[in-house]
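Number of protein chains: 2
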Amino acid sequence: MPEITFLPSSIVIDAPPGTELLEAARRAGVEIDTPCGAKGTCGRCIVRVVDGDVESDSLGVLPNTAVVEGYVLACKTRVQDSPITVETPEIAARSGGQFGDGDETYLVRRELLPTKWEYGPLAVKWLLQVASPQPEDGMSDIDRLTRAIQRQWGKLEVVYPIRIIRETADVLRASEGQATVTLVLDEWKLNVIRIEPGDQTTRHYAIAVDVGTTTVAVQLINLTVAQIVATQSAYNDQVACGLDVISRIDYAGRPGGLEGLRTRVLETINRLLTELVRNRGIALEEITNAVVSANTTMTHLLLGLKPDFIRLAPYTPTVLETPYVTADEVGLNINPDSWICFSPSIGSYVGGDITAGLLCTDIAAGTDELCLFIDIGTNGELVIGNNDFLISCACSAGPAFEGGGIGCGMRAAIGAIERVEVDAETGACEYWTIGNAPPRGICGSGMIAVIANLFTAGWLDPAGKLDTTRHSPNIEVKGKQARYIIAPADRSATGEPVAISEMDIENIIRAKAAIFSACAVLLKQVGVGIEDLARIYVAGGFGRYLDLEKAITLGLIPDIERHRFQFIGNASLMGSYMVVVSQDYRQRQLDLARRMTYVDLSNYPGYMEEYMGAMFLPHTHAELFPTVSAQLAER
Amino acid sequence: MPEITFLPSSIVIDAPPGTELLEAARRAGVEIDTPCGAKGTCGRCIVRVVDGDVESDSLGVLPNTAVVEGYVLACKTRVQDSPITVETPEIAARSGGQFGDGDETYLVRRELLPTKWEYGPLAVKWLLQVASPQPEDGMSDIDRLTRAIQRQWGKLEVVYPIRIIRETADVLRASEGQATVTLVLDEWKLNVIRIEPGDQTTRHYAIAVDVGTTTVAVQLINLTVAQIVATQSAYNDQVACGLDVISRIDYAGRPGGLEGLRTRVLETINRLLTELVRNRGIALEEITNAVVSANTTMTHLLLGLKPDFIRLAPYTPTVLETPYVTADEVGLNINPDSWICFSPSIGSYVGGDITAGLLCTDIAAGTDELCLFIDIGTNGELVIGNNDFLISCACSAGPAFEGGGIGCGMRAAIGAIERVEVDAETGACEYWTIGNAPPRGICGSGMIAVIANLFTAGWLDPAGKLDTTRHSPNIEVKGKQARYIIAPADRSATGEPVAISEMDIENIIRAKAAIFSACAVLLKQVGVGIEDLARIYVAGGFGRYLDLEKAITLGLIPDIERHRFQFIGNASLMGSYMVVVSQDYRQRQLDLARRMTYVDLSNYPGYMEEYMGAMFLPHTHAELFPTVSAQLAER
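Heads up: the sequence lines are chains W and E, in that order.
Taking the numbering used here, I'd label the letters of the first sequence as residues 34 to 668.
Taking the numbering used here, I'd label the letters of the second sequence as residues 34 to 668.
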């Protein structure tokens, strides 16, 4: 059978001639998006055959220029009787658009990560030598196992789920009494959650999970070395049931709605999990802990809890500090007796994603300096404080920065336009995509870049309207709506132009206005000026990098000294990783959560005014953005 | 619709004309056996129409004498358009052939039962007033619930299964914060296992379960008054997979065998449970604790544990003191988060049924006097000891005393011949059935009575052969085998004679020989004589009463002063009841189990000789049975 080599992972598999490339990729554990259901219409399963021959029907959908370069649709391409090498979107997809596999993985400062002295996961693995069964000593298999555990751990009570009891007889007899147990030490009890014959102490895995309203990311962690093995992300399957938390809460109220939402997000996570372990020689049962960080609504939906009271005064959710539940109870497809740790929420609109994200900041390290944390997702959350106080608030930004509700919007995956430069004279542009692939859409960082650039180049006015009085080959007018073409149809992977319309721009402006006005009101509420902030952390899933200048030009974040900013990417996922590898960090997170207070911005008298003022580029009050104003004046 | 009144329960239901009586009984929650699958052939679903008219096809199967008295087959009888009153086998079936509903329920001495000072079930119910949700107080529903629980119980950690978390939001809002929680207090934690709106403290149920190799009994207990509501018993569905524990262990080794056995016994228990709650206005979810007593093999099979090592040297089972598991884990159809308590086993062949049964004796009350406990089931187990020492042993008796492996054998249910008197002259007999119904078969106490009577009347020799040299209308010879007809075909409910063959008699002799020789060897091993025993407790499911004289004549139990004997019936079930209502008794049981030792009789040099000696009526050594010998000499 011909060999298929997938780049960049260099995974090699054999596949009989005639095998569909998409199927071969799946068998090899290589993730490829197929939103159209492999019908050959969406163009998202694009891959590049860099060596060898294939039989492909991609021609009708992909532009000729792409086909010439070897790009094909994986769902419409079949292996022939010769070896091939295929370049896939794997890196970007696996890294959730945020992290590569190398050192640049960490947007978070190294000194904030757990040190080896702080290493201590919830579930630990121990090698035991269990005494062999003796006639008439009155000891059962479980008695002997308990005694072996207590010899190492002291006389704590040992607790066994039924699955473990069922496996014990065979395991104790398989390797002459040598067995590996995975234990969760709960203050008073030793909970056995897995038992294996022989020495399996080097195979010890956990996952960190970030459940966003729009995007879900799962990270596989090798606990023996506290290292990230791989990360996968995808849109939350719940997106089909509404774009923001309020519409999800509405949907949950329908007959079967809550269970439907629970199933959808579980399927998303479990699908990502399957991809993560595939071809890595890791079994799902070897994953014995998960830390899940999610906003309060997502936490409720994942646990199957009625979210109604999150929305109804006095806004009391069922859980804030979620008790431990097992993987089996939740429905996570890992070792069923694993204890699942949810990052604690603060209130109905400040959730576990924020208490996880804060671990990536100096606030968690106990700084005296005043810090601001801004998490930009479908909901925007802000936290201000230091070692003395912590105040949080929330606003609704919508899914625009994650590609939601935007015509050509997409997640930061291969083929996403992540950077754009506009020529001030002609209005033409140059663009760069993730993976240098033919463009399939535009991600958050690309949208920020193109809008900021069009604005500074004078092709977009402060209200977000394109200049249609001058001619530019990239601006197209249809009726009353104009749109800006970034990549024309013949250069795009989908056969349609990648463009951004005035309606898309308005969505982005609404989103940035929500964030900026929340920030302004929070500062007023606390009674500090922007200049009092030692550091501003910006978290979010825009793309691999947030272009700070462009974000300030847009008016998304305040126009202050650049060195005070730090972009920390998907901080919720990174914080979850920290909790996975360190119980000290879990405690730190609980402490943060317990001392944090929440303010409801919607009750603040000047909030609406602030929001309306922020609905311009960069802002109605130009003096708030001095460097942007100076740049515009130079033009 | 015509009314149907079922006696003796006086349950009344309406049923349209044409309804099958069996179906009506089921709807009314009245248990009727139908081993033939309601085909009208086995005659076991016999009931008596005491008032009103029915349409019945019973004539072909039931003897005319029975039909004249109003007996019909419930599966072949239909309701007409007029009210009827039906007498059913309910009492005997419900009471497992042991206990009626009145005061005579307790074969156990009253002073051995828990007093009200010792009352304390594992799961307790508390009424709480939970604070109403407050805006921005930072407390979730679970936080408010936890605080309310801790106000009453102190600052212990409160643990919630996910099902409870899911129900909390609605329950706390249903009755202005008034809620009833069911809790299990574990040394260090408060485990919430049920939450209900309002005050539900008067509805609090548990079950005691005795799982025998042949028979399963389930007892429903009202915990608010520590009273037995009802008891149901049935053959263990596993009987189809082998009659004794060894053949069950073999069966478990087949592909799917273990799961098949687990499912069968669970289905037996769950079916009895359904019958118990039916028409009592009790929901299965209201049952929040179960105590299960079973021999070691039955415990393993119910938990889905491989039983292989029970049988293989060095005979080490997986569990002796089974950790708590939940109803959901086990598959018991009660409140899924209930903690299930298994009575502790001593070894591979002395199980939880024995540690439960011992609670019905002075041994558990800490007597200094030497006591012997004999439990006669498919396996026979014996315990000798007092406050100073406890030694147990086991032997295999087979299912004969429970009706298994006996041609006309049956459980002690309605229609079972429980008492027989034989006329020495003619060899004819008189018999009495449970419920005074037409005879359907013969139960343990009936078999003991008929064999003992035939022997003392001279119709049976010490080797178990019927005297065919003299004529008796009741003795029938077919080939080399003779049989004794107790009830002729025209008086039986089945249309077939109820008889006992020489092969049946041999089975009973084998069973009694196993028990008696075990008893003899145990006494020798301990170095005491039978006269040193202050009390001998005999437990077992023969029927409602064990006729002591007859059992001694048979050579089943030693021939000593009668006042030293006490028949305690299904002591395993009664002991389980005690543990259900009292955690003191649970502790007492664990203490008994921990200090009991086990001796393997099969290794004892003289055991086989003892067994062979006991294979005669009453015994080869007639001097061991002085009163029986004296009686025979008088003849």
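Glycine residues also receive a C-beta, built at the ideal position from the N, C-alpha and C atoms.
Predicted, not measured: the structure shown is a model, and the values here were computed from it.
Query, Result
"Taking a contact to mean a Cβ-Cβ separation below 8 Å, would you say residue 387 of chain E touches residue 379 of chain E in this structure?", "yes"
"Measuring CB atoms only, is the stretch 53–68 of chain E touching the stretch 417–427 of chain E, in the sense that at least three cross pairs come out at less than 8 Å?", "no"
"Rounded to whole angstroms, what is the Cα-Cα separation between residue 119 of chain E and residue 84 of chain E?", "7 Å"
"Over what stretch of residues does the alpha helix (DSSP H) that includes residue 667 of chain E continue unbroken?", "659–667"
"When we look at the beta-carbon of residue 548 of chain W and count the other beta-carbons within 10 Å, is it buried (16 or more) or exposed?", "buried"
"On the CB-based measure, 16 or more other CB atoms within 10 Å of its CB, does residue 13 of chain E come out buried or exposed?", "Any answer about residue 13 of chain E is impossible in this case: the structure gives chain E only from 34 up to 668."
"Please classify residue 474 of chain W: is it buried, with 16 or more other beta-carbons within 10 angstroms of its beta-carbon, or exposed?", "buried"
"Anything in the stretch 330–344 of chain W with a Cβ closer than 8 Å to a Cβ of chain E? List those residues in chain order, please.", "336, 337, 338, 339, 341, 342"
"When DSSP builds the beta bridges, which residues end up paired with residue 219 of chain E?", "E:222"
"I need the boundaries of the beta strand (DSSP E) containing residue 162 of chain W, first residue and last residue.", "156–162"
"Select from the stretch 426–450 of chain E all residues with a C-beta closer than 8 Å to any C-beta belonging to chain W, and list them in chain order.", "none"
"Where are the beta strand (DSSP E) runs, 3 residues long or more, that stay fully inside the stretch 166–250 of chain E, in chain order?", "190–192, 211–219, 222–230, 238–244"
"Check whether the stretch 601–612 of chain E touches the stretch 384–402 of chain E, counting contact only when three or more Cβ pairs, one atom from each stretch, lie closer than 8 Å.", "yes"
"Could you tell me whether the Cβ atoms of residue 326 of chain E and residue 456 of chain E are closer together than 8 Å?", "no"
"Take residue 308 of chain E as the anchor and find which of E:501, E:61, E:371 has the nearest alpha-carbon.", "E:61"
"Measuring CB to CB, does residue 206 of chain E end up less than 8 Å from residue 215 of chain E?", "no"
"Please look up how many angstroms separate the CB atoms of residue 321 of chain E and residue 371 of chain E, rounded, as I've assumed it's under 8 Å.", "5 Å"
"Of all the CB atoms in chain W, is at least one closer than 8 Å to the CB of residue 173 of chain E?", "yes"
"Name the chain E residues that come within less than 9 Å of residue 358 of chain W, Cβ to Cβ?", "193, 194, 195, 198"
"For residue 45 of chain E, which three-state DSSP category applies?", "strand"
"For residue 40 of chain E, report the span of its beta strand (DSSP E) as first-last.", "36–40"
"Following the continuous alpha helix (DSSP H) through residue 335 of chain W, name the residue where it begins and the one where it ends.", "329–336"
"Please confirm if residue 353 of chain W has its CB atom under 8 Å from at least one CB of chain E.", "yes"
"What is the rounded straight-line gap between the Cα of residue 544 of chain E and the Cα of residue 414 of chain E?", "12 Å"
"For residue 323 of chain E and residue 239 of chain E, which I take to be in contact (beta-carbon distance under 8 Å), what is that distance rounded to the nearest angstrom?", "7 Å"
"For residue 671 of chain E versus residue 593 of chain E, is the C-beta distance shorter than 8 Å?", "Any question about residue 671 of chain E goes unanswered here, given that chain E covers just 34 to 668."
"Chain E beta carbons: is any one of them nearer than 8 Å to that of residue 558 of chain W?", "no"
"Tell me where the beta strand (DSSP E) around residue 88 of chain E begins and ends.", "87–89"
"Under 8 Å between beta-carbons, which chain E residues line up against residue 102 of chain W? List them in chain order, please.", "Within 8 Å Cβ-Cβ: nothing; residue 102 of chain W doesn't reach chain E, min ~51 Å."
"Select from E:217, E:650, E:339, E:534 the residue whose C-alpha is nearest the C-alpha of residue 440 of chain E.", "E:534"
"Could you name the residues of chain E that residue 221 of chain W contacts, counting a contact when the two beta carbons are closer than 8 Å?", "220, 221, 222"
"Helix, strand or coil for residue 575 of chain W per DSSP?", "coil"
"Would you say residue 467 of chain W and residue 575 of chain W are within 8 Å of each other, going by their C-beta atoms?", "no"
"Could you spell out where the alpha helix (DSSP H) holding residue 584 of chain W opens and where it closes?", "581–587"
"For chain W, check one thing: does any of its Cβ atoms lie closer than 8 Å to the Cβ of residue 201 of chain E?", "yes"
"Can you find the residues in the same chain that come closer than 8 Å, C-beta to C-beta, to residue 521 of chain W, ignoring five residues on each side of it along the sequence?", "530"
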